[in-house]
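Numbering (this note's numbering), first residue to last: 41 to 497.
Single-structure report; data block below.
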Amino acid sequence: MEDRNPNREAGPGVRAFLERALVCLGAVLFLGLGLGMSVQKGISAPWTLGLVATVLLVVILMARWQVRQVAEPLGRLLGGSGPRAIEDLPSAWSAMEQENLDLRERAAREDRLLPSIMARLEEGVLLFGPAGGLEQFNPAAQRHLGLGAPLAKGMTVGEVFHDPDSPSAVQKAYRGAPSEWRLARAGRTLRVRAIPFAPMGSVSGVLLTLDDVTSQEALETTRQKFISNVSHELKTPVTAIRIAAENLQEEALPDSAQAGAQSILRSVDRLAMLLGDLSELSRIESGALRLEPVRLDLAEFIASVVKDQQARLAKASVRLEVAVDAPEGAILQADPLRLSQVLENLLSNAIKFSPPGGLVRLGVHISAQGELWEVADQGPGVPEAEQGRIFERFYRSQAAKAKPGTGLGLAIVKHLCRLMGGEVTVESHPGAGATFKVMLPPRSAGADQASAGPPSR
41 MEDRNPNREA GPGVRAFLER ALVCLGAVLF LGLGLGMSVQ KGISAPWTLG LVATVLLVVI
101 LMARWQVRQV AEPLGRLLGG SGPRAIEDLP SAWSAMEQEN LDLRERAARE DRLLPSIMAR
161 LEEGVLLFGP AGGLEQFNPA AQRHLGLGAP LAKGMTVGEV FHDPDSPSAV QKAYRGAPSE
221 WRLARAGRTL RVRAIPFAPM GSVSGVLLTL DDVTSQEALE TTRQKFISNV SHELKTPVTA
281 IRIAAENLQE EALPDSAQAG AQSILRSVDR LAMLLGDLSE LSRIESGALR LEPVRLDLAE
341 FIASVVKDQQ ARLAKASVRL EVAVDAPEGA ILQADPLRLS QVLENLLSNA IKFSPPGGLV
401 RLGVHISAQG ELWEVADQGP GVPEAEQGRI FERFYRSQAA KAKPGTGLGL AIVKHLCRLM
461 GGEVTVESHP GAGATFKVML PPRSAGADQA SAGPPSR
């Protein structure tokens, strides 16, 4: 805490008052003496002496005030009491030089510490300046990119990475949007992140980080192959079990045996659904699935989606309301199978969790900015703590565990949305239902046909 001494603060005020009072008194005496001398005898030696003494007094006091005006701010700058007289100024100046020396030494220590930290990082770091040239890099970046292509300051992004994708991704970061991509280098896979570098508020460079994710990529590939092979191999025995259970039902069996056969069929149906979802998710994650966009009439497409849900709606005693905000005769450019798969998963979940007599709302908004599809229900909702995990594979919220399902539907929705260049989000409050929003970018026929790739099989 700052030390506040009333006596210390009052002293300079009293002295200043007395000094100014003396000046005023001297000026009054001078004027009075001068006026008296002028009236009676004119200019005389005492009058001249009084004039000189008054001028000297004023000069001395003004000099003291001027020193104080300079010294007090200097004292506040140094964090202590400032010099009170001219003879104190050298010590104050010496203190300022010492403080400046301490600041320079601290900056030098930080300059030595930063390269040491950069040299010990396992993550590669590169900094490109505002002109697009390489300004800083660490040894890990050189190791990741290969010792056969040495890095040097001033190199461009193309000279550093030697691939067609990196320059456009870095340019995106210069415009203020972070980006991430994969880079194959010497049999290894690097994950590159480009982050806008804005220490002063505006983007003045791009900071790139390099991670070797070869082992993670290999593990992910192994996992996807395992899931694909398991789901494929299990389809044959599941089909055989179904056929056997259906044959049992045709026999004249006791009621208990018939109930057992029916239970087998329900389990087989659930297992078949799980295998189908696993196979679909594996195809999407591995990149084997390709979109096949075509021109769709919006009204006809929505009508077909609603028709497919009529059986579920009738069984659950739930109503479906459709709200469309789109130009008359709107045409979509999309893969009808994948878009309907997204909406079917969301609508089936909404119907499943809605109470009897509840309402499910399907909203569609089409504009030049893109497409927005909304599915809202009146179910129990999703707790905020679980909203970040419901799109994970096999994750099921507490409210969902009482309902049949595989825990893969929303994961498939998330990956399909990303495959279509969009995103899915959820807004929910416990007890107030949930609203899932699918946001897709605007589509043009030429762009979709160019990026569609081979048709899905």
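For every residue, glycine included, the Cβ atom is placed at its ideal position computed from N, Cα and C.
Could you have a look at residue i and say whether DSSP puts it in helix, strand or coil?
i      : result
Pro130 : helix
Ser271 : helix
Glu175 : strand
Gly122 : Here the model assigns Gly122 a pLDDT of 49, short of 50, so the residue's position is not dependable, and the following value carries that caveat. The answer is coil: DSSP assigns Gly122 none of H, G, I, E or B.
Asn45  : The predicted position of Asn45 is uncertain, since its pLDDT is 47 and thus under 50; a value taken from the coordinates is nonetheless stated next. Coil.
Arg144 : helix
Gln302 : helix
Thr249 : strand
Thr276 : helix
Thr196 : coil
Lys422 : Residue 422 is actually Val in this sequence, not Lys. Val422: coil per DSSP, three-state reduction.
Ser468 : strand
Ser255 : helix
Arg233 : strand
Glu220 : strand
Val243 : coil
Asp365 : strand
How many angstroms separate the CA atom of residue i from the CA atom of residue j?
i      : j      : result
Ile324 : Glu257 : 16 Å
Val210 : Asp365 : 37 Å
Gly198 : Glu139 : 46 Å
Leu2   : Ala301 : The chain is shown only over 41 to 497; residue 2 falls outside these bounds and no answer can be derived.
Val478 : Val400 : 16 Å
Arg225 : Ala284 : 53 Å
Gly169 : Glu145 : 27 Å
Trp221 : Glu411 : 26 Å
Leu456 : Val382 : 7 Å
Glu368 : Ile342 : 14 Å
Val346 : Asn287 : 35 Å
Arg215 : Ile235 : 10 Å
Pro204 : His405 : 36 Å
Val308 : Pro376 : 29 Å
Val243 : Gly471 : 44 Å
His469 : Glu424 : 7 Å
Val232 : Leu191 : 16 Å
Ser134 : Ile100 : 26 Å
Gln182 : Leu174 : 13 Å
Ala189 : Phe201 : 9 Å
Glu290 : Lys265 : 39 Å
Leu141 : Thr465 : 55 Å
Gln350 : Leu360 : 9 Å
Can you tell me whether residue i is buried or exposed? The criterion is at least 16 other CB atoms within 10 Å of its CB, across all chains shown.
i      : result
Asn269 : exposed
Thr249 : buried
Pro482 : exposed
His272 : exposed
Lys355 : exposed
Phe177 : buried
Arg149 : exposed
Trp413 : buried
Leu161 : exposed
Asp151 : exposed
Pro333 : buried
Ala132 : buried
Gly327 : exposed
Gly227 : exposed
Gly245 : buried
Lys454 : buried
Phe434 : exposed
Gly164 : buried
With DSSP as the reference, identify every bridge partner of residue i, one or two as the case may be.
i      : result
Glu414 : Gly403 and Lys477
Arg359 : Leu399
Glu463 : Met479
Asp337 : Ile371
Ala189 : Answer by DSSP bridge pairing: none, since Ala189 is not bridged.
Arg228 : Arg225
Pro155 : According to DSSP, Pro155 bridges with nothing at all.
Gly164 : Leu250
Run the proximity test for residue i: is its beta-carbon closer than 8 Å to any non-hydrogen atom belonging to the ligand MG?
i      : result
Asp337 : Looking at this structure, you won't find the ligand MG or any other ligand, since it has none at all.
With distances taken between CB atoms, is the gap from residue i to residue j smaller than 9 Å?
i      : j      : result
Leu450 : Phe431 : yes
Ile452 : Asp348 : no
Ala474 : Gly397 : no
Thr279 : Asp252 : no
Ser388 : Gly419 : no
Leu329 : Ile391 : no
Leu223 : Phe237 : no
Leu321 : Leu448 : yes
Ala370 : Leu338 : yes
Leu315 : Arg378 : no
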